[in-house]
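Below is one structure, written out as structure tokens; the observations come after it.
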Amino acid sequence: MKLLEVISLYYKKINSIKNINFKSFDFKNYHLKRIGKNNLFKEKKGSIFTGLSLLFIFCFIISIILILNFSISYQEIISASEDSNSFNYVIENHNKNIPVLSKVVISKLTDDVIKNHNPSYDSREIVKDEIQKKLEKQEEYYQLKNGINIENEVLSVYNGKDPFHINVKTLVNAKKGKESYSNVVESVVSIEGLKDPLPFLMCREHPTLIENGTKIDYNDALSYYMVKNGLLNPKIYENATGSLIIRKCIYDPYKIHGEGYCMKNCIDNGYFHESADGSCYLCRLEGKGSCYHYGLEVFIVPQPKKNINGNITEKSISGSDHVLFNDHYPGNIVEFFKKDDISEILVIDDSHRAKYGIL
Ligand SMILES: [Zn+2]
Ligand SMILES: [Zn+2]
Numbered sequence: 021m022k023l024l025e026v027i028s029l030y031y032k033k034i035n036s037i038k039n040i041n042f043k044s045f046d047f048k049n050y051h052l053k054r055i056g057k058n059n060l061f062k063e064k065k066g067s068i069f070t071g072l073s074l075l076f077i078f079c080f081i082i083s084i085i086l087i088l089n090f091s092i093s094y095q096e097i098i099s100a101s102e103d104s105n106s107f108n109y110v111i112e113n114h115n116k117n118i119p120v121l122s123k124v125v126i127s128k129l130t131d132d133v134i135k136n137h138n139p140s141y142d143s144r145e146i147v148k149d150e151i152q153k154k155l156e157k158q159e160e161y162y163q164l165k166n167g168i169n170i171e172n173e174v175l176s177v178y179n180g181k182d183p184f185h186i187n188v189k190t191l192v193n194a195k196k197g198k199e200s201y202s203n204v205v206e207s208v209v210s211i212e213g214l215k216d217p218l219p220f221l222m223c224r225e226h227p228t229l230i231e232n233g234t235k236i237d238y239n240d241a242l243s244y245y246m247v248k249n250g251l252l253n254p255k256i257y258e259n260a261t262g263s264l265i266i267r268k269c270i271y272d273p274y275k276i277h278g279e280g281y282c283m284k285n286c287i288d289n290g291y292f293h294e295s296a297d298g299s300c301y302l303c304r305l306e307g308k309g310s311c312y313h314y315g316l317e318v319f320i321v322p323q324p325k326k327n328i329n330g331n332i333t334e335k336s337i338s339g340s341d342h343v344l345f346n347d348h349y350p351g352n353i354v355e356f357f358k359k360d361d362i363s364e365i366l367v368i369d370d371s372h373r374a375k376y377g378i379l
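Sequential numbering from 21 applies to the sequence shown in our numbering.
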């Protein structure tokens, strides 16, 4: 439409130039005596026509360029929208969305578990059903927006090789006209950034622990748990702190924790570590302090001590979470950082000392 308007505007302009020049031409101001009225008119008329012809050709060329440009960009828009609506593009996008939706589902389940201090009785089955529901809502969306009939069946939610990941297997079938797709999609969901539900379940009988930013303040919840379970020296874990948000430790191999300020930084950041003895994320949701899957461990840190002089002979349960919540074996106190007269300490057994390079 705009192009037509531009062309008609040019056409009108040419006509108006024709009209103005012919009607309002002032012959009186010219030296009519010398060249004569008719000659002058013919001469002027000729040059006006030449000028008008050039102007017309110029406008014609501009119009052609504009038309070509317009049609090229119009073609680009059409092909771009065909791409974003294309069958393969929509399926690819859908498949990429499965781990995103899965993480939302797991995060919601974790929040419920923490809020209610109530373990999930079968986290894999619950997560699987919830992802299924979310994907079914998406099916209606693709049908309405792209006219593609997508069907999803979540086959399993399971542990992969990496304890920082949860794997989801989904059968995706899709159809639109003659195009069809069928594939088992394996999605990897990172658990980094999710909360650790385990401490809230282990301390649920006396839940005085609270979330404090990316940390957990245990108050007297952990010492209460230790008293209840007849564990060694509960007092040392009064007002202990732990990690709330799952983050993978950057100090790998773990032996370098003993060097410089690595252990201090690891504790400050609340990093989690791979552990064959620690429980995996899905089992943490079920309130299991340990499981047969390859899992995670994190340190629970006693309140810093004042004025420590010499070696501390005091002992308690080793501070790795799977030891405190499941295995219950003792460790010695080590100071990993000191400033002025305040010592930051850990309770750690020999095997964990060796794992983290603390001699
Ligand atoms: Zn670490
Ligand atoms: Zn497990």
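Positions of the beta carbon are idealized from the N, C-alpha and C atoms, including for glycine.
Report task. Please look up how many angstroms separate the CB atoms of N203 and V192, rounded, as I've assumed it's under 8 Å. Result -> 6 Å between Cβ atoms; contact.
**Report entry** Which residues DSSP lists as bridging Y178, in chain order
**Finding:** DSSP, once it has assigned bridges, lists N187 as partnering Y178.
Query - Helix, strand or coil at G278 according to DSSP, with G and I counted as helix - result: In this structure, G278 counts as helix in the three-state DSSP scheme.
Query raised in the report: So does the stretch 294-307 actually touch the stretch 181-189, counting three or more Cβ pairs closer than 8 Å?
Result: With three or more CB-CB distances shorter than 8 Å, the stretch 294-307 counts as touching the stretch 181-189.
Query raised in the report: Excluding the five sequence neighbours on either side, which residues of its own chain have a C-beta within less than 6 Å of the C-beta of S122, listed in chain order?
Result: Taken in chain order, the residues that qualify are I151, V188, V209.
Query raised in the report: CB L264 to CB I236, shorter than 7 Å?
Result: Yes, Cβ-Cβ distance for L264 and I236 is below 7 Å.
Query raised in the report: Where does the unbroken beta strand (DSSP E) through T261 begin, and where does it stop?
Result: Here the beta strand (DSSP E) through T261 covers 261-263.
Report task. With DSSP collapsed to three states, give me the class of E225. Result -> E225: coil per DSSP, three-state reduction.
Query raised in the report: What residues sit near ligand 1, counting only those whose C-beta is closer than 6 Å to one of its heavy atoms, in chain order?
Result: This selection yields C269, Y271, H277, C286, Y291, H293.
Query - Presumed contact (8 Å Cβ cut-off) between I266 and S207, rounded CB distance - result: Rounded to whole angstroms, the Cβ separation of I266 and S207 is 18 Å, and the two are not in contact under 8 Å.
Query - K375 versus V124 - alpha carbon distance - result: Distance between K375 and V124, taken at the CA atoms: about 34 Å.
Query raised in the report: So does C300 have its beta carbon nearer than 6 Å to some heavy atom of ligand 2?
Result: Checking every heavy atom of ligand 2 against the Cβ of C300, one is found closer than 6 Å.
Query raised in the report: At what residues does the beta strand (DSSP E) containing N108 begin and finish?
Result: Here N108 belongs to no beta strand (DSSP E); instead the alpha helix (DSSP H) covers 107-136.
Report task. Quick one: which unbroken alpha helix (DSSP H) runs of 4-plus residues sit fully inside the stretch 299-365? Chain order, please. Result -> With a minimum length of 4 residues, the continuous alpha helix (DSSP H) runs that stay inside the stretch 299-365 are 301-304.
Query raised in the report: Is any heavy atom of ligand 2 found at a distance shorter than 6 Å from the C-beta of H313?
Result: At least one heavy atom of ligand 2 falls within 6 Å of the beta-carbon of H313.
**Report entry** Limits of the unbroken alpha helix (DSSP H) element including S371
**Finding:** 370-376 is the extent of the alpha helix (DSSP H) around S371.
Query raised in the report: Helix, strand or coil: which one does DSSP assign to A241?
Result: Looking at A241 - three-state DSSP - the assignment turns out to be helix.
Report task. Could you check which residue in I134, G330, I320, N232 has the C-alpha nearest to that of C286? Result -> Among I134, G330, I320, N232, the Cα nearest to that of C286 belongs to I320.
Report task. Output yes or no for whether 7 Å exceeds the beta carbon distance between G278 and G377. Result -> Result yes, Cβ atoms of G278 and G377 sit closer than 7 Å.
Query raised in the report: Around the Cβ of S176, are there at least 16 other Cβ atoms within 10 angstroms (buried) or fewer (exposed)?
Result: The residue is exposed, with fewer than 16 neighbouring Cβ atoms inside 10 Å.
Query raised in the report: Comparing alpha-carbon positions, which option in P217, L218, E364, T130 lies nearest Y281?
Result: The shortest C-alpha separation from Y281 is found at E364.
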